[in-house]
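Using the working numbering, you'd call the opening residue of the sequence shown number 68 and step up by one each time.
Single-structure report; data block below.
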Amino acid sequence: MEIVRNILLVLHFVGLASLFGGFMVQMSAFRTRSGRINPAILHGALTQVVTGLLLVGVAEMGDADVNHVKIGIKLVVALTIYVLALVFRKKETISNGILGTIGLLTLVNIVVAVFV
């Protein structure tokens, strides 16, 4: 079961890299207000949600203690990011507020994962 957890963890990090990398690429569009949801943001957010849920399932099946408050916070934040990406993916440009919110929520999710 450890190999499954490690594979899921690597995929979870790949999703994080895609999501945060997609946001960083769009930061150059802040000045011109021409930001958009690129596929990296959308697919990274979905990968984060799916692999995160699978990681919790694997942890629950084993003998690991799961911090349900932490998981709940991370799930709400990740779903919010995914819904924002899904709703605004077809818009030609999006406001800096939406793009900034996605980036901020991504950082919040990282902070919760490390410190809670």
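Each residue gets a CB set at the ideal place from its N, CA and C atoms; glycine is no exception.
Closest by CA to Phe-90, which one among Val-183, Ile-177, Val-178, Thr-168? That would be Thr-168, whose Cα lies nearest to the Cα of Phe-90.
Let me check understanding here. Comparing Cα to Cα, which of Lys-137, Lys-158, Val-123 lies closest to Met-68? Of Lys-137, Lys-158, Val-123, the smallest CA-CA separation from Met-68 is found for Val-123.
Using only CA atoms, which one of Ile-70, Gly-88, Phe-182, Val-81 lies nearest to Lys-137? Selected option, being the one with the closest Cα: Phe-182.
Own chain residues within Cβ distance below 8 angstroms of Asn-145, not counting five before or after: Residue identity check: residue 145 is Ala in the sequence provided, not Asn. Ala-112, Gln-115, Val-116, Gly-119, Asn-176, listed in sequence order.
Simplified DSSP state of Phe-87, which is helix, strand or coil: Here Phe-87 carries a helix assignment [DSSP, helix/strand/coil].
Have a look at Ile-140, His-110, Leu-121 and flag the residue whose alpha-carbon is nearest the alpha-carbon of Val-178. When C-alpha distances from Val-178 are compared across Ile-140, His-110, Leu-121, the shortest belongs to Ile-140.
Can you give the Cα-Cα distance for Leu-83 and Thr-160, rounded to whole angstroms? Looking at the two C-alpha atoms, the distance is approximately 23 angstroms.
Give the DSSP-derived three-state secondary structure of Met-68 in the structure shown. Assignment of Met-68 by DSSP, reduced to helix, strand and coil, places it in the coil class.
Which whole-angstrom value is the C-beta distance of Asn-163 and Arg-100, which I expect to be below 8 angstroms? Correct: roughly 6 angstroms between the Cβ atoms.
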